[in-house]
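Protein chains in written order, with our numbering: chain L, 1 to 574; chain X, 575 to 978; chain H, 979 to 1384; chain Y, 1385 to 1481. Beta carbons: idealized from backbone N, C-alpha and C, even for Gly.
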């Protein structure tokens, strides 16, 4: 039997050759073929013919490459072979030695209707051992031929698949084991924060700062301390994992206004805007900020989780969908280190860092951006707030990350500056009802579901606008984002589902939505949660059940607005 | 066990010129529908037309896993119903499908991910399924072979555990349903592709095959990887993309893993068959393809993840891999039910999630075909949900089929 | 310690008799030479019985000399730990291997598994689908675990694997897979024509069937020609020769994936190569087809080409008294010549059309019964049956002369 | 494992790219602002359905599709690939930023 496995693995069927009673690969006719079987692999059996075949094939290849030395040599014919074999007596004879498949098994499979060669294989396990039928499947086929009225060409052969012979999984994985499986990304502040006692957490490719425990401090205690420090004084957090895009061009404004659903045509140089982006199908894809640095120059932030995805999406829009637009995109995510200073004293700290620009409320109001220097180091300062406190995201070229961090820590001492991590960041944003990718923005929510329906401009077209109007997406009865507080101020079980009824005797209940986040709010000294609830905004003030059968808990929660803390936004505008 | 007494798995009758119902596709779903039409509704004037051999599509090429751990009600409901049916089927069909509820373990790699799993687990509990969230020693006890201590790139924070999840002998599913349906008098034809679906005044009246025309009252299409092609015979366009999905097995070894385990930092799922092979699978190849052969990049990726869970696998050898065309819809969920043409219904878009739902689809579609009304469990899976914005998107990945 | 017979021929073969390697099989210490495979090493020590089959636990011997080996699977323990399910024909011998048989209890010779009659019937195809249906949960709770334990061949070593592995890439104009006559000719021609060429060979030396051929090429005997060609290829700067490398799959757009197995002293136990070629020349030869007859699975029944290879390349005599059932005349003569050179007595030679009644013997074939063309029933004692059906493998008929000038 | 020729970087392995699906021609932007129903139908047709006559997105045959060369120049590459056998026709188009 020709060893044509590697030829046939590409889906080429072998052709039955009656003279030799074997399946042979046919010679490729088109240049699409990469492979050329020679010698025994195509049924050429004799030494001289094999030598000639190998040589001719090499010349064919050289002809394909237009190499000048090639000759046009004839390919030898398939060698004839005698077809008379041996008769056999009665009794069970083995076909597949490994799986103990006998002639009787093949006959049984035929009798029971598993006549197709694929069914015969599966029913009898013929050729399914570690040898993958190298010595058995032709005999199996011939056995089928001898007892059925099918012809060999009709029966055909089972699909050839790699590997030709079993191969080491260790080698297939190579060096990508343990920590080396995928690269680890660290932010420019990694070492600085590690020196400050940071506990890191793996999430995606990144190592995030999670929290900064003091000696013998639990994570819960650390989060409470960090959160209160931000609310009452000053904290700092690493924001470097955000995606950051530089956009330049005469059509940059048009480009962005097609992609983002807000109306920001009035955005002035030096201002920034919270923006929302939909997918083509009208569901929310991402949120972020657009800062206008110049007439045709913008700086865009993308959430960490979506940084790669949205970057690709922007590139596609610019390059494939609207190549006529004059816009140039540059990803600067790794070029800028980003540190947010957050809390009532954030402006005082900024002043202490010797800025060469006006940082007074009139000079640097909320939602503005300034390009300048702190202590001579180049920075871009963005007046944005995820925490709800007065806050500035300071971007500096990554190489200056250490310098920026030590300046901030040194001058922040005056207000007992407290570095914090993802856990506290999450507590602060939940208190404000700010959204997080993957939890609230989970790929199934409309802007209105998230309470952001007003952000959709009615004056322009944008990606996702048309399909966001589909009937079921604007219908009554959708789940909407709401806040929830524990009536008895008891801990709220994570991941609980919301219901109007108690659990029935089987422990079941109708789910009207679920909690996306449940925390203890240090500043409110209360247990609060965010969640989705059917018709949620109409139900503010109602009390609902929160069931977590996994935790064995069912408690009553009161439905509130999704913003628990400073709903008027006085603090971050201070 | 006198196997000589077992007749042919399916009869080979003469094809009639007319049947009440024609089922296009002799895979698990089509054959299950035939079985339940006969068993639950007494309807046997049915022809199942299979272009190749029964169970030769995705029923023959999957990782044999059954489970129902889905967040969204619609997805959970159908698969959990299937799980109940799987438990009864071997006896019902008098054919051992080798259902082994060895437990399904879905690993989470961060506290945040575990919280998402808990949302899903709570949804399942509220819907009446048995499920646990396991961490630490409880997880180690459940999967003793799992490496929780080594320097893994993505540490394991915990897992969702569904005890009724497990494995089933995939080929036997098609054979068992086919045999029982055939015994009930339903005609099953292999190597009988449908070349045309004839429609007059928005109503189906017949199908053409190389063996002749079959007149019929209704036609049910259940052809997985060929959905677009067959639907186009009726002039219909489907929100379906065709992608290549692969799975592979190691050489067989003595039992070394009881449960079915899924790794989530890059998809990789693994179980050990009754024959001793480790079966592994992962995400799709990630691009449209009808070539039915896999990209090796996916295998390398899945194996690297599998080694994170079970480092001893590096000593084993990959024996065989296979791949097939999966039809995946724009929200990653199935399209089941009636089409805008009278008498025409479809079941498609399962991607690589269809095997586990086999009996539930059969059961529900039989009810639809018998009563001309859509039963509750499959109501959400309508063909027009994409036009009206009622997607069932468990992954939240949006209209990018290769991401589901 | 049992007596270990010596079946090594006094001279010949491509083995280095100056380097003796020690190994053990099921606890019995054995020796072989550098250049042996585990299969030739076991045969040299008279060990034909190496495994038990999966379902019936029939005794199984060595049938072939290549990767097609169906059931001679063993567990091999070396410095990396134990590896199950290795074909004895694919293991290149190194010093200090511990080889154990699989899937038997308590021993290879006295395996209780052969009495296995689950449910009282024979384990025919489709058996499981029809049985263990009742009571309802009995399959999962009782039967499935028993069957899982019976299945599965070898046992995986659960200890950490400390071996290093790597993945690498190569690119070339012409990739030749296989270094028999066709592969060698193709590689030499392409390389001399100026194409960057890679030659992959799964064996540890180049030559394929040339290594046990009695032919002559360019006035040299085939084995010497193979050695010369190997040297010539190594000397060319545009050629990469990769031995111990198994090309296992072809993927889109000219990609071949291959596994190179490390030898003693290599940093990597194995390396996966991804090789993109503009043209792939597949010179993988052919596989012999066994003859189907009652009792054909007994140890001592071997493929004709394999017998030639064991005798000529490894200088091992796989038996003392042989029955020859080879359909094609040239192959038959060639096998007979090899066996005569090895001093094996030819008990009988069958002609195509003869009816094979059966081979008998408990742990090894000991007799052979057939009917000749006159319908006469005949029986002879033997310890070797050499066999090959009509549609055969690549065979170089003795005495054929070829000329290759590129 | 496909070999995709990037017009900027040359022939590169599939693993350097991510898939963008069929190259779609979206309904005209800035038009139909008031005709929601028409816009919805147009977008539904283009995004969801797979056999748009002028621009089929799931053919069993040649498919005009886009790939993102994230492991290289970070540009989108347009190729015509036959989904039946993965052969890529020569017309490869790069999109410049």
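- Between the alpha carbons of residue 934 of chain X and residue 649 of chain X lies a gap of roughly 11 Å.
- In the assembly as shown, residue 60 of chain L is a buried residue. Its beta-carbon has 16 or more other beta-carbons within 10 Å.
- Chain Y places a beta carbon closer than 9 Å to that of residue 1252 of chain H, counting this residue as a contact.
- If you look at residue 481 of chain L, you'll find it isn't in any alpha helix (DSSP H); it sits in the beta strand (DSSP E) that goes 479 to 486.
- In summary, the residues of the region 850 to 868 of chain X whose CB is separated from some CB of chain L by less than 8 Å are 865, 866, 867, in the order they occur in the chain.
- Among the CB atoms of chain X, one or more fall inside 9 Å of the CB of residue 497 of chain L.
- Less than 9 Å separates the beta-carbon of residue 923 of chain X from that of residue 908 of chain X.
- Contact check for residue 427 of chain L against residue 519 of chain L passes: the beta carbons are separated by less than 9 Å.
- Chain-order list of chain L residues neighbouring residue 1404 of chain Y: 316, by C-beta distance under 7 Å.
- When secondary structure is reduced to three states using DSSP, residue 311 of chain L falls in the helix class.
- For residue 171 of chain L, none of the residues of chain Y pass the 8 Å Cβ criterion, the least Cβ distance being about 16 Å.
- Each of X:644, X:588, X:726, X:820 was checked against the Cα of residue 634 of chain X, and the nearest Cα belongs to X:820.
- Here residue 373 of chain L is bridged, per DSSP, to L:378.
- Put simply, the region 254 to 273 of chain L does not touch the region 195 to 212 of chain L. Fewer than three CB pairs are less than 8 Å apart.
- Distance from the CA of residue 1149 of chain H to the CA of residue 120 of chain L, rounded to the nearest whole angstrom, comes to 41 Å.
- The region 747 to 801 of chain X contains, as complete beta strand (DSSP E) runs of 3+ residues, the segments 761 to 763, 770 to 774, 777 to 783, 786 to 795 (chain order).
- Under the three-state reduction of DSSP output, residue 652 of chain X falls in the helix class.
- Of the residues assessed, residue 904 of chain X falls on the buried side of the cut-off, its CB having 16 or more other CB atoms within 10 angstroms.
- The beta carbon of residue 406 of chain L sits closer than 8 Å to those of 192, all from its chain and outside the five residues before and after it, given in chain order.
- Here residue 774 of chain X is exposed. Its C-beta has fewer than 16 other C-beta atoms within 10 Å.
- The DSSP-derived three-state label of residue 150 of chain L is coil.
- For residue 1403 of chain Y, the three-state secondary structure derived from DSSP is strand.
- With respect to the 9 Å criterion, residue 63 of chain L and residue 1261 of chain H are not classified as neighbours on the basis of their beta carbons.
- With 16 or more other Cβ atoms inside 10 Å of its own Cβ, residue 522 of chain L counts as buried.
- Interface with chain L (9 Å Cβ-Cβ cutoff): residue 1085 of chain H is excluded.
- In chain order, 951 place their CB closer than 6 Å to the CB of residue 651 of chain X, counting only its own chain and leaving out the 5 sequence neighbours on each side.
- Around the Cβ of residue 123 of chain L, a 10 Å sphere holds 16 or more other Cβ atoms; the residue is buried.
- At a Cβ-Cβ threshold of 9 Å, residue 1023 of chain H and residue 989 of chain H do not count as neighbours.
- Residues of chain X with a Cβ closer than 7 Å to the Cβ of residue 1398 of chain Y are, in chain order, 869, 871.
- Residue 1230 of chain H belongs to the set of residues whose beta carbon lies under 9 Å from a beta carbon in chain Y.
- Taking C-alpha positions only, residue 619 of chain X is separated from residue 760 of chain X by approximately 6 Å.
- Closest by C-alpha distance to residue 135 of chain L, out of H:1266, H:1358, H:1070, H:1168, is H:1266.
- A direct Cα-to-Cα measurement between residue 1214 of chain H and residue 54 of chain L gives close to 18 Å.
- Taking C-alpha positions only, residue 1196 of chain H is separated from residue 1020 of chain H by approximately 35 Å.
- For residue 935 of chain X, there is no enclosing beta strand (DSSP E); the residue is found in the alpha helix (DSSP H) stretching over 932 to 945.
- Within the region 1265 to 1331 of chain H, the alpha helix (DSSP H) runs of at least 4 residues that lie entirely inside it are, in chain order, 1282 to 1290, 1307 to 1319.
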